[in-house]
Amino acid sequence: MTTNADITLFNQWYNRQTRLTEWKRVQIPGVSWRGGVVTTVTDHGLQAANAYIVRIPLDAAPAGRTFACPEDWAPTESDDLGALWTIQPGDILINGLLADDIAKASDLTAKYGSRCCTVIGWKDNRRGSAALQHWRIDGK
50 MTTNADITLF NQWYNRQTRL TEWKRVQIPG VSWRGGVVTT VTDHGLQAAN AYIVRIPLDA
110 APAGRTFACP EDWAPTESDD LGALWTIQPG DILINGLLAD DIAKASDLTA KYGSRCCTVI
170 GWKDNRRGSA ALQHWRIDGK
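Converting from the sequence shown to my numbering requires adding 49 to each position, the first position being numbered 1.
Structure representation (structure tokens):
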């Protein structure tokens, strides 16, 4: 797989003690990032929207962290989150490696604009030959 970008993924996690959403930063170098404006013809004319496809090769997975499906991520205790990462709708992706910590998603969208997208779906494509295995993320 051809890679052309490094990303920072902000996983959302609901803290049941504080009753607030927290954002956990994960840096992932060596991914495929494709994006741009997609247009659709509707009854009301042309509709335009940003659309992104990000592919994370298996060998680009964050070192020292284990992938957790969203249903396993949500009930995890805060102390254990440093060893895990996930992909779930509502997470935020930024094109580039960032050191920022955030309190809310709008902190990122305001600062990074077109370098930023929200995860709307994902697929676990860890099957087939090792060279083809990856996670696919659809964003807007």
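By construction, the Cβ of each residue, glycine as well, lies at the ideal position given by its N, Cα and C atoms.
Note that the coordinates shown come from a computational prediction; the quantities given were computed from them, not determined experimentally.
Let's test the definition: count the other Cβ atoms within 10 Å of the Cβ of Q61 and tell me whether it reaches 16, buried, or not, exposed.
buried
Less than 8 Å separating the beta-carbons of A109 and I77?
yes
Would you grab the beta carbon distance between A117 and L107 for me? Rounded to a whole angstrom, and I think it's under 8 Å.
Not quite, the Cβ-Cβ distance comes to about 15 Å (not below 8 Å), so this is no contact.
Could you check the C-alpha separation between R164 and G177 for me, to the nearest Å?
31 Å
Do D187 and I105 have their C-beta atoms within less than 8 Å of each other?
In this structure, I105 does not lie closer than 8 Å to D187 by Cβ.
With a threshold of 7 Å on Cβ separation, who are the neighbours of Y161 within its own chain once the five nearest residues in sequence on each side are excluded?
I143
Quick check on this structure: which residue in A152, C166, W82, R68 has the alpha carbon closest to the alpha carbon of W184?
W82
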